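First residue of the sequence shown: 26, per the numbering used here; consecutive thereafter.
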Amino acid sequence: RTVANAVLRTAAEGHPTSDLHPGVRIDVRDVEVAETEARTQAAVVLLVDTSFSMEMEGRWTPMKRTAIALNHLISTRFRSDELHLIAFGRYARSIDIAELTGLQPRMEQGTNLHHALLLAGRHLRRFPNAQPVVLVVTDGEPTAHLDPSGEPFFFYPPHPQTIALTVRELDHVARLGAQVTFFRLGEDPGLAHFMDQIARRIGGRVIAPDVDGLGAAVVGDYLRSRRGPRRG
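See the structure below:
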């Protein structure tokens with residue numbers, strides 16, 4: 026069987042809010058992925074960048090639609106899977122789908138992927154027998170991390186300590202066996218270089234969709250992960 030393209034369109038339409046304009050649908054016509062009958066439980070973590078640049082560059086609403094679509098798909102077709110959402114800007118926090126749907130952008134600086142990966146690792150450790158899947162949506166290099174007191178530290182261009190701590194948490198997540206995919210939005214060469222390096226380091230993937238194709242890219246990669254661990 027294949028997952029119908031209408032799944033995502035239904036998801037987008039079924040959650041009306043002031044931010045998600047009625048009638049605007051995620052185009053997933055390119056997503057045609059066969060389901061497997063035998064599958065294990067997956068612990069899925071979707072990390073979404075909520076820094077102000079996402080709003081400024083027109084990526085805020087597509088990010089929300091993507092999260093709603095993935096939540097809808099998992100809750101209706103892959104109910105044994107556990108989806109956890111993490112929003113990260115100057116700091117990161119776990120967030121449910123209803124809160125994310127109504128979330129408004131804040132004019133604050135910082136892309137704290139370090140904190141987001143820290144929370145992701147904590148969540149994955151709660152499901153040691155599940156297949157760990159980490160999906161990261163962002164449009165900027167890491168520019169913030171948590172200091173020893175738990176406060177966010179921001180610096181631009183990215184501080185070497187921010188990069189080092191972010192990579193360390195990514196290594197921790199990779200050691201849990203997680204399949205990690207980065208969805209790079211925009212054409213920032215610094216971000217492209219950083220993502221290519223860390224993806225090679227952990228055997229992850231980098232996908233650079235246009236903003237209208239974000240939903241299809243994220244859902245398509247999740248479905249590929251459910252067919253089994255990637256090889257090579």
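Glycine included, each C-beta is placed from N, C-alpha and C at the ideal position.
Small disclaimer: the values here were computed from a predicted structure and weren't measured.
Decide if residue 175 is buried, meaning its Cβ has at least 16 other Cβ atoms within 10 Å, or exposed. Your numbering for residue 175 matches position 150 in the sequence shown. Per the 10 Å Cβ criterion, exposed.
Start-to-end residues for the alpha helix (DSSP H) that takes in residue 208: The residue labelled residue 208 in the question sits at position 183 within the sequence shown. Segment 204-209 is the beta strand (DSSP E) holding residue 208; no alpha helix (DSSP H) there.
Among 80, 78, 86 and 66, the one whose alpha carbon lies nearest that of residue 239: Counted from its first residue, the sequence shown places residue 239 at position 214. Of 80, 78, 86 and 66, the residue nearest in Cα terms is 86.
Could you tell me whether any Cβ in chain D is nearer than 7 Å to the Cβ of residue 188? No chain D is present in this structure, which holds just one protein chain.
To the nearest angstrom, report how far apart residue 121 and residue 146 are at their CA atoms. Sequence index remark: in the sequence shown, residue 121 carries index 96 (1-based). Sequence index remark: in the sequence shown, residue 146 carries index 121 (1-based). Going by the C-alpha atoms only, they are around 17 Å apart.
Per DSSP, residue 118 forms a beta bridge with which residues? Translated into the one-based positions of the sequence shown, residue 118 becomes position 93. Under DSSP, residue 118 takes part in a beta bridge, and its partners are 112.
Would you call residue 123 buried or exposed, if buried means 16 or more other Cβ atoms sit within 10 Å of its Cβ? Working through the sequence shown from its first residue, we reach residue 123 at position 98. Its Cβ having fewer than 16 others within 10 Å, residue 123 is exposed.
Taking 8 Å as the limit between beta carbons, can you name the residues of its chain near residue 229, skipping five residues before and five after? The residue labelled residue 229 in the question sits at position 204 within the sequence shown. Listed in chain order, the non-local C-beta contacts of residue 229 below 8 Å within the same chain comprise 199, 204, 205, 206, 207 and 223, local neighbours out to five positions each way being set aside.
At the level of alpha carbons, what is the spacing between residue 109 and residue 81? The residue you call residue 109 lines up with position 84 of the sequence shown. The residue you call residue 81 lines up with position 56 of the sequence shown. Distance between the alpha carbons of residue 109 and residue 81 is about 26 Å.
Under the three-state reduction of DSSP, which class applies to residue 54: helix, strand or coil? In the sequence shown, counting from the first residue as 1, residue 54 sits at position 29. Note that residue 54 scores 45 on pLDDT, short of 50, meaning its location in the model is unreliable and no value can be drawn from it.
May I ask which residues mark the beginning and end of the beta strand (DSSP E) holding residue 163? Taking the first residue of the sequence shown as 1, we reach residue 163 at position 138. Segment 156-163, the beta strand (DSSP E) holding residue 163.
Just the C-alpha distance for residue 61 and residue 252, rounded to the nearest angstrom, thanks. Residue mapping note: residue 61 aligns to position 36 of the sequence shown, counting from 1. Residue mapping note: residue 252 aligns to position 227 of the sequence shown, counting from 1. Note that residue 61 scores 44 on pLDDT, short of 50, meaning its location in the model is unreliable; the coordinates nonetheless yield the value given after this. For residue 61 and residue 252, the distance between alpha carbons rounds to 6 Å.
Would you kindly report the start and end of the unbroken alpha helix (DSSP H) that includes residue 226? What you label residue 226 is simply residue 201 of the sequence shown in a count that begins at 1. Note, residue 226: alpha helix (DSSP H), 214-227.
Return the first residue and the last residue of the beta strand (DSSP E) that residue 77 is part of. Here residue 77 refers to the residue found at position 52 when the sequence shown is read from its first residue. Not the beta strand (DSSP E): residue 77 falls in the alpha helix (DSSP H), residues 77-81.
What number of angstroms, rounded off, separates the C-alpha of residue 102 from the C-alpha of residue 248? Here residue 102 is taken as the residue at index 77 of the sequence shown, counted from 1. Here residue 248 is taken as the residue at index 223 of the sequence shown, counted from 1. Distance between the alpha carbons of residue 102 and residue 248: 11 Å.
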